[in-house]
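J.: There's a structure below that I have some questions on.
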Amino acid sequence: MKARITEHRLILAHPFGLSTGTSHERRSFSIEVRDREGTVGRGEATPLHYMGETPETLRGELDRVAAFLASRKDAVENALGEAAGAPVDRSASPLAALDAHIAAALPGSAAARCALSTALHDLLACRLSLSLRDLLGVSGAPAPASFTVALDDVEAMVERAREAVAAGFCVLKVKLGRGDGASDLKIVKAIRSVHSGRLLVDANGGWSVASARELATRLADLGVEAIEQPLPRGERAGMAEVARQSPLPILADEDSLDLADLDHLPAEVGGINVKLMKCGGIVPALAMIRWARARGRRVMLGCMVQSSLGITAAAHLAPLVDLADLDGAALLANDPFEGMRFEKGRIVLPGGPGVGAVPRSP
Ligand SMILES: [Mg+2]
23 MKARITEHRL
33 ILAHPFGLST
43 GTSHERRSFS
53 IEVRDREGTV
63 GRGEATPLHY
73 MGETPETLRG
83 ELDRVAAFLA
93 SRKDAVENAL
103 GEAAGAPVDR
113 SASPLAALDA
123 HIAAALPGSA
133 AARCALSTAL
143 HDLLACRLSL
153 SLRDLLGVSG
163 APAPASFTVA
173 LDDVEAMVER
183 AREAVAAGFC
193 VLKVKLGRGD
203 GASDLKIVKA
213 IRSVHSGRLL
223 VDANGGWSVA
233 SARELATRLA
243 DLGVEAIEQP
253 LPRGERAGMA
263 EVARQSPLPI
273 LADEDSLDLA
283 DLDHLPAEVG
293 GINVKLMKCG
303 GIVPALAMIR
313 WARARGRRVM
323 LGCMVQSSLG
333 ITAAAHLAPL
343 VDLADLDGAA
353 LLANDPFEGM
363 RFEKGRIVLP
373 GGPGVGAVPR
383 SP
């Protein structure tokens, strides 16, 4: 079992503005694992900036992943062999036990574990000539897809919204939380002039309790259906207060990194954004989805600014959620992989075995 790590410089087609800053490019890594027979699996890691991760620290974590695989290659091969012989279980991944072992051995970076977990699932599915979703027993149509309108000047945001609607997207997610409440309302009102359909907003923790309470009522009047992460991560009492008083459901993103976070999530929070990169990959993402479903909470499947490699892996889980916010690769000018694509605003999964994402020819 060998691992090869490649760094990718991802260029954004338009500046990507959040309440926390604007990016023009991001860095990501792909890991390629190869078994004794030469079957290949791939996964992607991008740094979680808001958890203090940088491309440099992530690279170090991925080097530890490669060293782990080299030192435990027989155990990993055996685990893959056992999983290959197990019947499809609709309640769990066939690699759940191996994943737990990896999580214990590599507790550091969830993004690095996500890359390894995705690569091993891809490899196993390719060995069995199954798509990732069939390996996991996932069936049904993907959830509706949303397109993210990043923070920019209002005219540019309206133009992005217009383009997304013209491309067939029925759901828009608008990034807010940088200026005062008045500028956020101005943005949503302007976008309403080109999109009368489903609309969510994401403040990325950019509001205070007072501004969130005020804005929630005004956004409800504008037909917004939910607010994602109004307050900074960790302000749980404030999130509970906002959620109690808001006429709109409050969703957690930065406050729902992984399963451990969910134990602390206020009961008033109406839903969670699950991202493979935050929680450590497919196995914990499935557990988070089950957690939310058991409690009647909404589930959004999210992503980072990342390539079609990681996005396509997540898209195989899209039938399990309420909304698939998987446009991270669609925002790029130089996606190094091809896989999942949008057709008239709907997710179209690739055919073929595994994740189904392949390096784009130069
Ligand atoms: Mg978010």
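By the count of our numbering, the sequence shown reaches residue 384 at its end, each step adding exactly one.
C-beta atoms are modelled at their ideal positions from N, C-alpha and C, and glycine is treated no differently.
Keep in mind it's a predicted model, so treat the numbers as computed, not measured.
1) Could you tell me how far apart the beta carbons of Val296 and Ile272 are, in whole angstroms, since I believe they sit closer than 8 Å?
2) Looking at the structure shown, is Asn356 part of a helix, part of a strand, or coil, going by DSSP?
3) Thinking just about the alpha-carbon of each residue, which of Pro381, Ala379, Leu339 and Ala259 is nearest to the one in Pro164?
4) CA-CA distance, Val171 and Asn100?
5) Just the C-alpha distance for Pro381 and Arg317, rounded to the nearest angstrom, thanks.
6) Is the region 71 to 81 in contact with the region 339 to 348, if contact means three or more CB pairs nearer than 8 Å?
7) Between Ile154 and Val98, is the Cβ-Cβ spacing less than 9 Å?
8) Taking the alpha helix (DSSP H) that Phe38 belongs to, which residues open and close that run?
9) Quick check: the Cα distance between Lys208 and Val216, rounded to an integer number of angstroms?
10) Measuring only from the beta carbon, is Asp224 closer than 8 Å to any heavy atom that is part of ligand 1?
11) Under 9 Å between the Cβ atoms of Ala92 and Phe364?
12) Of all the alpha helix (DSSP H) runs that stay within the bounds of the region 217 to 292, which reach a length of 4 or more residues?
13) So what does Phe51 bridge to, in DSSP terms?
14) So, for Lys95: in the same chain, excluding its five sequence neighbours on each side, which residues have a beta-carbon less than 7 Å away from its beta-carbon?
15) Is the Cβ-Cβ distance between Asp144 and Arg64 less than 9 Å?
16) In the region 314 to 368, which residue ranges form an unbroken beta strand (DSSP E) of at least 3 residues, counting only runs that do not cross its ends?
17) Spell out the partners DSSP gives Pro381 in its beta bridges.
18) If you drop the 5 nearest sequence neighbours on each side, which residues of the same chain put their C-beta closer than 8 Å to that of Arg214?
19) Compute the Euclidean distance between the alpha carbons of Glu250 and Asp275, then round it to the nearest angstrom.
T.: Let me lay it out:
1) Not really, about 16 Å apart at Cβ, beyond 8 Å.
2) coil
3) Leu339
4) 45 Å
5) 39 Å
6) no
7) The displayed chain sequence assigns Leu, not Ile, to residue 154. No; because the gap between Cβ atoms is not below 9 Å, this pair is not in contact.
8) Looking at the DSSP string, Phe38 is not in any alpha helix (DSSP H); the run it does join, the beta strand (DSSP E), is Lys24 to Leu40.
9) 14 Å
10) yes
11) no
12) 231 to 243, 258 to 267 and 281 to 284
13) Glu29 and Ala67
14) Met23
15) yes
16) 320 to 323 and 363 to 365
17) Phe359
18) Leu221, Leu244 and Gly245
19) 7 Å
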